Amino acid sequence: MNLDNIRIVLVNTSHPGNIGGVARAMKNMGLSRLYLVAPRQFPDEQASWRAASAGDVLDAAVVTATLDEAIADCQFVVGTSARGRRIPWPLQDPRSCARRMASASATEQVAVLFGREDRGLTNEELQLCNLHLNIPTSADYSSLNLAMAVQVVCYELRMLLDAGQLPASEDDEWDAPFATRDNMERFYQHLEQTLVDVEFLDPAAPRQLMTRLRRLYSRVRLDEMELNILRGILTETQKWVRKAQPQDVSGASGAEDYTPKTK
Numbered sequence: 001m002n003l004d005n006i007r008i009v010l011v012n013t014s015h016p017g018n019i020g021g022v023a024r025a026m027k028n029m030g031l032s033r034l035y036l037v038a039p040r041q042f043p044d045e046q047a048s049w050r051a052a053s054a055g056d057v058l059d060a061a062v063v064t065a066t067l068d069e070a071i072a073d074c075q076f077v078v079g080t081s082a083r084g085r086r087i088p089w090p091l092q093d094p095r096s097c098a099r100r101m102a103s104a105s106a107t108e109q110v111a112v113l114f115g116r117e118d119r120g121l122t123n124e125e126l127q128l129c130n131l132h133l134n135i136p137t138s139a140d141y142s143s144l145n146l147a148m149a150v151q152v153v154c155y156e157l158r159m160l161l162d163a164g165q166l167p168a169s170e171d172d173e174w175d176a177p178f179a180t181r182d183n184m185e186r187f188y189q190h191l192e193q194t195l196v197d198v199e200f201l202d203p204a205a206p207r208q209l210m211t212r213l214r215r216l217y218s219r220v221r222l223d224e225m226e227l228n229i230l231r232g233i234l235t236e237t238q239k240w241v242r243k244a245q246p247q248d249v250s251g252a253s254g255a256e257d258y259t260p261k262t263k
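Right, dumping it as structure tokens:
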């Protein structure tokens, strides 16, 4: 994918603030080519203010009088559409459409068209497109701000670009090895003895307490550092229990002494 070959085209934008918002959304995701077809107000201070640190995208924006001028050199054109058409046209969601655009952008010029804030693109403008893109929304409120719509499309392109750099799972870049089964069993024994020491667990009527605690910690997948922290807490708890007991029974619990190996 070549983001430099993908342009965002805004048609007859009525509010300059929306142009600035679009510029900011584009820069967030690494796109820089903005085309403005007959904007109502541009350049404008509101556009610059809304763009925040994306002023360079605004400064480089290409303003054209007609849509034909904006897409004349493009080989693949996508039009955003919020409603069904009498004559069906190839239609995809942003994720599927992003894959098509990414593939085309490797060797072709790609344009993504966004229409007017109040009524979108006309039928004639949509007929200039190779593909229509529809952003799924709730039926209760389907109206999207222009910058939001651009952000959704640019985000899907960004995700494709960064796909190989992101961790494949939430555990790929963990900072400590996960606890072994043997160490987990030692932790459960330590936990059970501590709960007995603080009189939270009655050995004569344990019910299902330890089973439920095993289920709880199994869902989490503790790493060795986290396990050390928990066992350290248990050890300190047992020390306070022993201090509170009469001297002649202070060692009666027989609990395993444990020194946490935390950094």
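The numbers in the UniProt record's numbering rise by one with no breaks, and the one at position 61 of the sequence shown is 61.
Ideal Cβ positions, reconstructed from N, Cα and C, are used throughout, including at glycine.
These figures come from a predicted structure and were not determined experimentally.
- Judged by DSSP secondary structure, Arg95 falls within the alpha helix (DSSP H) whose first and last residues are 94–105.
- The three-state reading of DSSP puts Ile6 in strand, counting E and B together.
- In this structure, the beta-carbon distance from Phe114 to Val11 falls below 8 Å.
- Within the UniProt domain "tRNA/rRNA methyltransferase SpoU type" (6–155), the complete alpha helix (DSSP H) segments at least 4 residues long are 16–29, 45–51, 55–59, 67–71, 94–105, 123–126, listed from N- to C-terminus.
- If you draw a 10 Å sphere on the C-beta of Ile8, you find 16 or more other C-beta atoms in it, and that means buried.
- Distance check between Ser53 and each of Tyr141, Leu161, Arg24 places Arg24 closest, using alpha-carbon atoms only.
- In the pairwise beta carbon analysis, the segment 88–106 is classified as not touching the segment 62–72: fewer than three pairs are separated by under 8 Å.
- When secondary structure is reduced to three states using DSSP, Asp223 falls in the strand class.
- Straight-line spacing of the CA atoms in Leu157 and Ala82 works out to 20 Å.
- The DSSP-derived three-state label of Phe187 is helix.
- The beta-bridge partner set that DSSP reports for Phe178 consists of Asp223.
- Here Ala51 is near Gly20, since their CB atoms are less than 8 Å apart.
- Ala149 and Arg221 have their alpha carbons spaced roughly 38 Å apart.
- The beta-carbon separation of Met225 and Ala176, rounded to 4 Å, stays under the 8 Å limit for a contact.
- Between Leu234 and Leu191, the gap from beta carbon to beta carbon is short of 8 Å.
- For a cut-off of 8 Å, the C-beta gap from Ala98 to Cys74 is around 17 Å, too long to register as a contact.
- Around the Cβ of Asn18, a 10 Å sphere holds 16 or more other Cβ atoms; the residue is buried.
- In this structure, the straight-line span from the alpha carbon of Leu160 to that of Asn5 is close to 15 Å.
- Looking from the CA of Asn2, the closest CA among Leu216, Glu108, Asp140 belongs to Glu108.
- Sequence-distant partners of Gln46 (beyond 5 residues in either direction) whose C-beta falls short of 6 Å from its own C-beta, in its chain, are Pro16, Gly17.
- Taking C-beta separations shorter than 6 Å and ignoring five residues to either side along the sequence, the partners of Ser14 in its chain run Arg40, Glu117, following chain order.
- Nearest neighbour of Ala72 by Cα position, chosen from Pro90, Gln193, Ala163, Leu128, turns out to be Leu128.
- At a Cβ-Cβ threshold of 8 Å, Ser48 and Leu58 count as neighbours.
- Between Leu146 and Gly79, the C-beta spacing is not below 8 Å.
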